[in-house]
Each structure stands twice: as C-alpha cells, then as structure tokens.
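Protein chains in written order, with this note's numbering: chain W, 11 to 303; chain Y, -15 to 339.
Glycine included, each C-beta is placed from N, C-alpha and C at the ideal position.
Just so it is clear, the structure is predicted and the values come from calculations on it, not from any experiment.
See structure below.
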C-alpha cells in the first residue's frame, strides 16, 4: 500500500500539490509586487506618482522624460554611479569567485593540518552580517589610507564565505579524485590540473558563486555609504539613496521622486541581464563519460 | 622497462595501518597481479607504487633508484584507473596527448605516438569524440591508450575491468594479455577477481589485511597454497575445508576417516580438498557420508553441494552433466589422497607427505 498511496494520481498527492502551488503563487506575487511597483512608478509624472493608484500605470506615460531627467541630472552623474557599481560588482565577483574556487577546491580535495578548524571558521563567517564588519573596516581603511578609493569597496567583497562553502560542495560532487590522480600521473602540476582539466567541470559552480557575489556587491549599500565620501565614487545604491533623502527633505530644488524610481528601474536591469547571460553555464552532465558512476 | 622493488613498505592513515610491511620484487616484463578481498590493501599498495600516496615507512625502488620521495610523474609510470578517469572535456586524441604535452614533447612525436597507440587499440574512428560519446569498452581502451603513449617503465592497472559487463570483461582481459605480450612491459594489476588473476598473471601476490599471504605463479598458488586464506581465495568454486586431526595413518574428519599411505603430520587441524578432488561414491563406500543438497548443471561440469553432518556443505565437481545424482540422495564422498591440503592450527600449510 505504501507506494500505491503516494502515486501522482492519489488524492493526497493532488491536494499537497495544490497547496504547494498556492503557497508558491502567493510568494511569487509577494516578490513581484515591489518590482511591478517600480515599473509603474517610473512611468509616471511626479504628480501622478502620488495621485494615482500605485500598482497600475497612469494615463500620462512619462517614462522617456523620467529617463532623460535621470541621465541628465547633475551633469549625468547617474551614469558615473552605474559605471562605478558595475566596476565594483564585476571585480568583486570575479575575485570572490576565484578565491572561493581555490579555497573550496582545497577544502574538497586536499588534506592538510587544521582543515576542519578552518572550514568551521568559514561556516562561522557565513553567519556574521557584513554590516557588523563595516565600522572595523572603516577604521582599518582609514589607517592605511584607502578610504574613498574603489579598493575600500572591492577588497572586503572578495571575501565571500558562502561561495567557499558552495564551491567545496560542488567540487566534491563534480570532480572525481581519479581525474586528479590521472592528471598527476600524466605529470601535470596541481594548478595545471585545476586550470586545464577540472575547471571546466566546475563552471556551473563557479558561475553560481560569481552571480551570487555579483548581486551581493551590486546591492551593497552600507559599506560604500560609510567608506566613500565623494559622490563621484558612489555606487548606484548610495547615489539613489542620497537623491531620495534630498527629495524627501525637499532641499534638492528640482529633485523628483520619479527620477529615483527611474534610477531604481535602470539599476536592476543589469542584474537581470547578468542572470540571463550566466544561465547558459548552469548545464549539468559536463563530466558525463569521464568516470563511471 | 623496469624492476620494481618494495622493501618494508608500510602505510597508515592516521592510526589505521593499511599496509603492514611489504617486501616484494617485480621483475622486468613481469605481469604481477595483486589480489585480495576488499580492504586487503591491494589498491593502496598500487597507489604507493604510483606515488599517489606517500609511504609511511620503507622504500620503493624502480630499476635500483629510490623513488620513495618522488612524485607520480617523476616515476615514469602509467596508470589505468577503475573509473577510466578520462578528461571529460577533452577529445580522445587530447586525452591521449595531454601527458605528452605536459612533458613538452614535439608535436610530431606526440602525434606519432598517439596514432600508434590508436592503431594498437583500434581507436582511430573515435579520435575526435569526447568520452561521453564512447561505450564502456571504448573508454577503457582510451584509458589504456593514454597509458601506452607515455612509454612508461611500467603499467599500473587499478581494477580496470570491474566496471565492464561480463562479456566485455572477458574480451578486454584477452586484449590486455595480448598487449602485455606485444609491449613486453612490466605490468602491475590490481583485482579482486581471482579469475582475472589466474588467467593474466605471471605472478600473483595474494594480500589480506595489509600483509602478503603468498607470492607465486597461478599454478603454484593453486596447487601449493601457503595457508588457508590463499587456499580458499584462489580457485572457483573454492576449496572445501574440514576440521581434521591426525590418527596414525589416517586423518579423522567429521563423519569418517581418510586413510593415507604415510602417517600425516601430528599438528594438522584442517583438511582441504578442491571440488574436483572429491569423488561421489555409493553411501558407505567413500571416506565420509552426506546428502546431496543442490545440484548445479553448467553443461561441461556439474557441481553437487553435499551436506555432511558437523562439516557443513562440501562442493564436489563432476565432469559432464549426466551424473545420475538427485537432490536429497544419500552419497559417499571419497577424497583423492594425492591432492589433499593440510593446515595446522594457525592455518599454515603442512606438507602432506611429511614422512
């Protein structure tokens, strides 16, 4: 009876499937509403933004004008912020994925003294909120004179403990010890084995860590807020927040909420694009045929 | 080609001792097989020779040079792995040339060697394929090809056939035997399959518990096993063993006596008889009596499993299939006294004709 009672045609299965689907639909709506709000709000005039229903478009489609305002405001500094964010996020993500790959690979494939302790430290570091480290980092950077330079944002972002954890698990699954041994017998050094034989097997894991680190760095707000002091070094997050703050206090003269909304819309597009581009790396079965499962 | 010498080699993982002191010489051009049950240390011993594991003690010499502290590549050996371990993102040709590229051989030389190996292994039609587009047997041949092109001083095989299906395994076994003849290379081969060991080896090394139990040619091990473990591990179906004790010119076993021409040594504790060295007789006319339990007819041979009180089930091999015995039939069993194996209380072999 056990198996019969749980087939896809059984009433129990159908019920639990419906419940699960319903819960996921609610979650989907919950996730999409803010994004949808950003889309509708960025097409409105400032007056319509406060005068019309928030979750639908108003009659006056004002997106083009908002975008023009966005990119011309303060001599087009938004583009500069976008460039900064892109630079910070890309270098951070590449670096973080690279170090996570090396560390995860070592944890997965090598035995060394202190391995368990070090990995426990990595896991512990996952628990520490980045925000808690900002003030110590500020003090450190002020000592070495890195405040208000790109390195002040990039260096801390290279440390990405969840990526190390992910890469370790991924390497353990995707690379068999025998391939590494075969490379050693063939005379390749350890770095050569990693770059020439096993890295391509690890691309899906590497891409995952890259995109996670990219999004984390793209959305990073508090660290650049604290360590950056001139507006030409700001990333989009900090720049928009400052515009928003001056719009709220009404001190910006012509600063409008619509510009902030349009800026938000523009700033999430590259992340979506990054996901679409990275998607092609998430293909399984790369190691098929190498070793018999 | 090479002589490989192990002297006092030990290996421990933490506090667990896997190899407990191995002395062994593998001669030039010899086909040596390490055989033993799971956990006997046979694969570890091979990996020590390959340099993939560091020895905990002792020395490994290749052609008289101590290579104990050298890495796998410096030992100039090739290895074929159980899982093939092909490089999945490389084509067959790239798989075979990788080691030569690492060694920075000229391109022309690489191509010459790879083409030659491909010809030997009949891999030419598949050179541009990736491993995932090959069958199990083809993958195995690529793995062997990758080993050949390096022109190693010796080949190491780690259970190379255990992932293949039964029919293919027999084919590949024959191919490996031919390859050994053709290359006249030193080969060290690990298997848990005693049939592979018997058919391929010049010399078999039987391992158990990290200790060499016996070294010898297949027929030496079959005919003169040094102890009970080897006696029961080599040969299929395995040797029958009964508790035994000496009594004048006879050996007492459960349910009867086996009379010998000369008095057996006094310290015997076990009697071993291979299935083909027992003859079925009418009840009461053999050395002991029993009852037929199961009859297996293989066509060329028949195996009868005979239950003997206090001795368990004995296997008897009868040539042919028309043997005229039935299940539950009482029978007598007569031992071929010329081909008995005797062991003392510690399981060590005792010569039969001691007197």
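Provide the residue span of the alpha helix (DSSP H) that contains residue 303 (chain Y), from first to last.
Counting from 1 along the second chain, the entry for residue 303 (chain Y) is found at position 319. Not the alpha helix (DSSP H): residue 303 (chain Y) falls in the beta strand (DSSP E), residues 296 to 303.
Along chain W, which residues have their Cβ under 9 Å away from the Cβ of residue 86 (chain Y)?
Here residue 86 (chain Y) refers to the residue found at position 102 of the second chain. Within 9 Å Cβ-Cβ: 193, 196, 197, 198, 199, 202, 206.
Which runs of the alpha helix (DSSP H) fall wholly inside the segment 175 to 258 of chain W and span at least 4 residues, in chain order?
The qualifying runs are 187 to 195, 213 to 229, 232 to 237.
Which word fits residue 139 (chain Y), buried or exposed, when buried means at least 16 other C-beta atoms lie within 10 angstroms of its C-beta?
In the second chain, counting from the first residue as 1, residue 139 (chain Y) sits at position 155. Buried is the call here.
Whether residue 259 (chain Y) touches residue 291 (chain Y) by CB criterion (9 Å):
Taking the first residue of the second chain as 1, we reach residue 259 (chain Y) at position 275. Taking the first residue of the second chain as 1, we reach residue 291 (chain Y) at position 307. For residue 259 (chain Y) and residue 291 (chain Y), no; Cβs fall outside 9 Å.
Establish whether the CB of residue 73 (chain Y) and some CB of chain W are separated by less than 9 Å.
If you number the second chain from 1, residue 73 (chain Y) lands on position 89. The beta carbon of residue 73 (chain Y) sits closer than 9 Å to some beta carbon of chain W.
Given this structure, state the Cα-to-Cα distance separating residue 11 (chain W) from residue 30 (chain W), to the nearest angstrom.
Numbered from 1 along the first chain, position 1 holds the residue referred to as residue 11 (chain W). Numbered from 1 along the first chain, position 20 holds the residue referred to as residue 30 (chain W). With a pLDDT of only 43 at residue 11 (chain W), under 50, the local geometry of the prediction cannot be trusted, and no value is derived from it.
Touching or not, the segment 271 to 291 of chain W and the segment 70 to 81 of chain W, by the rule of three or more beta carbon pairs under 8 Å?
Verdict: yes, contact present.
Which class does residue 178 (chain Y) belong to by DSSP, given the choice of helix, strand or coil?
Against the second chain, residue 178 (chain Y) aligns to sequence position 194. DSSP places residue 178 (chain Y) in helix when its eight states are reduced to three.
Kindly give me the distance between the Cβ atoms of residue -11 (chain Y) and residue 45 (chain Y), rounded to whole angstroms, as I take these residues to be in contact under 8 Å.
Counting from one through the second chain, the residue named residue -11 (chain Y) turns up at place 5. Counting from one through the second chain, the residue named residue 45 (chain Y) turns up at place 61. The beta-carbon distance between residue -11 (chain Y) and residue 45 (chain Y), rounded to whole angstroms, is 4 Å. This is short enough to meet the 8 Å contact definition.
Just to make sure I have the definition right: I need the residues of chain W whose C-beta is within less than 7 Å of the C-beta of residue 82 (chain Y). Which are they?
As a working mapping, residue 82 (chain Y) is identified with position 98 in the second chain. In chain order: 196.
Would you identify the three-state DSSP class for residue 343 (chain Y), choosing helix, strand or coil?
Here chain Y comprises residues numbered -15 to 339, so residue 343 (chain Y) is not present and cannot be evaluated.
Would you tell me roughly how many angstroms separate the C-alpha atoms of residue -14 (chain Y) and residue 15 (chain Y), rounded to the nearest one?
Translated into the one-based positions of the second chain, residue -14 (chain Y) becomes position 2. Translated into the one-based positions of the second chain, residue 15 (chain Y) becomes position 31. Using only the alpha carbons, I get a separation of about 12 Å.
Are at least three pairs of beta-carbons, each pair with one atom in the segment 202 to 215 of chain W and one in the segment 53 to 71 of chain W, less than 8 Å apart?
The segment 53 to 71 of chain W and the segment 202 to 215 of chain W do not touch, with fewer than three beta-carbon pairs separated by less than 8 Å.
Within-9 Å CB hit, residue -14 (chain Y) to chain W:
In the second chain, the residue the question calls residue -14 (chain Y) occupies position 2. No, its Cβ sits nowhere closer than 9 Å to a Cβ of chain W.
With 16 as the cutoff for other CB atoms within 10 Å, does residue 93 (chain Y) come out buried or exposed?
The count along the second chain starts at 1 and reaches residue 93 (chain Y) at position 109. The residue in question, residue 93 (chain Y), is exposed, as its Cβ has fewer than 16 Cβ neighbours within 10 Å.
Between Y:83, Y:249, Y:142, Y:47, which lies nearest to residue 203 (chain W) when the distance is taken from Cα to Cα?
For the purposes of this step, residue 203 (chain W) is identified with residue 193 of the first chain, where counting begins at 1. Nearest C-alpha to residue 203 (chain W): Y:83.
Give the residues of chain W in contact with residue 62 (chain Y), contact being defined as C-beta atoms less than 7 Å apart.
Residue numbering aside, residue 62 (chain Y) sits at position 78 when the second chain is read from its first letter. The contacting residues are 195.
Using a Cβ-Cβ cut-off of 9 Å, state whether residue 188 (chain W) counts as contacting chain Y.
By one-based count along the first chain, residue 188 (chain W) stands at place 178. The C-beta of residue 188 (chain W) comes closer than 9 Å to at least one C-beta of chain Y.
Rounded to whole angstroms, what's the CA-CA distance from residue 45 (chain W) to residue 38 (chain Y)? Just pull it up for me.
As a working note, residue 45 (chain W) is residue 35 in the first chain. As a working note, residue 38 (chain Y) is residue 54 in the second chain. Computed Cα separation, rounded: 58 Å.
Chain Y partners of residue 89 (chain W), CB-CB under 8 Å?
Position 79 of the first chain, counted from the start, is the residue given in the question as residue 89 (chain W). Correct list: empty, because the minimum Cβ distance to chain Y is about 40 Å.
Is there a C-beta anywhere in chain W that falls below 9 Å from the one on residue 70 (chain Y)?
Here the question's residue 70 (chain Y) lines up with position 86 in the second chain. Taking Cβ atoms only, chain W reaches closer than 9 Å to residue 70 (chain Y), which makes this a yes.
Nearest to residue 102 (chain W) by CA position, among W:169, W:195, W:187, W:191, is which residue?
As a position in the first chain, residue 102 (chain W) is number 92, starting the count at 1. The residue with the shortest Cα to Cα distance from residue 102 (chain W) is W:169.
So that I know if they touch, is there some Cβ in chain Y lying closer than 9 Å to that of residue 211 (chain W)?
In the first chain, the residue the question calls residue 211 (chain W) occupies position 201. By this cut-off, residue 211 (chain W) is an interface position.
Interface partners of residue 326 (chain Y) on chain W, CB under 8 Å:
Taking the second chain and counting its residues from 1, the one referred to as residue 326 (chain Y) is at position 342. Those do not exist, as residue 326 (chain Y) stays about 44 Å from chain W at its closest Cβ, beyond 8 Å.
Chain-ordered neighbours of residue 56 (chain Y) on chain W, where CB pairs are closer than 7 Å:
Along the second chain, one-based indexing puts residue 56 (chain Y) at 72. 194, 195, listed in chain order.
Terminal residues of the continuous alpha helix (DSSP H) containing residue 82 (chain W)?
Within the first chain, the letter at position 72 stands for residue 82 (chain W). Counting along the chain, the unbroken alpha helix (DSSP H) around residue 82 (chain W) starts and ends at 73 to 82.
In whole angstroms, what separates the C-alpha of residue 301 (chain Y) from that of residue 315 (chain Y)?
Working through the second chain from its first residue, we reach residue 301 (chain Y) at position 317. Working through the second chain from its first residue, we reach residue 315 (chain Y) at position 331. Answer to the nearest angstrom: the Cα atoms are 14 Å apart.
Check whether chain W comes within 9 Å of residue 130 (chain Y), counting only Cβ atoms and requiring the distance to be less than that.
As a first step, residue 130 (chain Y) is located in the second chain; it is residue number 146 there, counting from the start. Chain W contact via Cβ: present.
Residue from Y:231, Y:197, Y:321, Y:250 with nearest C-alpha to residue 270 (chain Y)
As a position in the second chain, residue 270 (chain Y) is number 286, starting the count at 1. Nearest C-alpha to residue 270 (chain Y) among Y:231, Y:197, Y:321, Y:250: Y:321.
Environment of residue 339 (chain Y) [buried if 16+ CB atoms lie within 10 Å]
The residue given as residue 339 (chain Y) occupies position 355 in the second chain. Residue placement at residue 339 (chain Y) is poorly supported in this model, since its pLDDT is 38, which falls under 50; the coordinates still yield a value, given next. Around the Cβ of residue 339 (chain Y), a 10 Å sphere holds fewer than 16 other Cβ atoms; the residue is exposed.
According to DSSP, simplified to helix, strand and coil, what is residue 31 (chain Y)?
Stepping through the second chain from its first residue, residue 31 (chain Y) is reached at position 47. DSSP, read as helix, strand or coil, puts residue 31 (chain Y) in helix.
Alpha carbon to alpha carbon, how far is residue 156 (chain Y) from residue 122 (chain Y)? Give it in angstroms, no decimals.
Translated into the one-based positions of the second chain, residue 122 (chain Y) becomes position 138. Translated into the one-based positions of the second chain, residue 156 (chain Y) becomes position 172. Going from the Cα of residue 122 (chain Y) to the Cα of residue 156 (chain Y) covers about 10 Å.
Residue 23 (chain W) lies in the alpha helix (DSSP H); which residues open and close that run?
As a working mapping, residue 23 (chain W) is identified with position 13 in the first chain. Here the alpha helix (DSSP H) through residue 23 (chain W) covers 21 to 51.
Helix, strand or coil for residue 62 (chain Y), going by three-state DSSP, please let me know.
Working through the second chain from its first residue, we reach residue 62 (chain Y) at position 78. Three-state result, residue 62 (chain Y): strand.
In angstroms, rounded to a whole number, what distance separates the CA positions of residue 107 (chain W) and residue 224 (chain W)?
The residue given as residue 107 (chain W) occupies position 97 in the first chain. The residue given as residue 224 (chain W) occupies position 214 in the first chain. When rounded, the distance between both Cα atoms is 9 Å.
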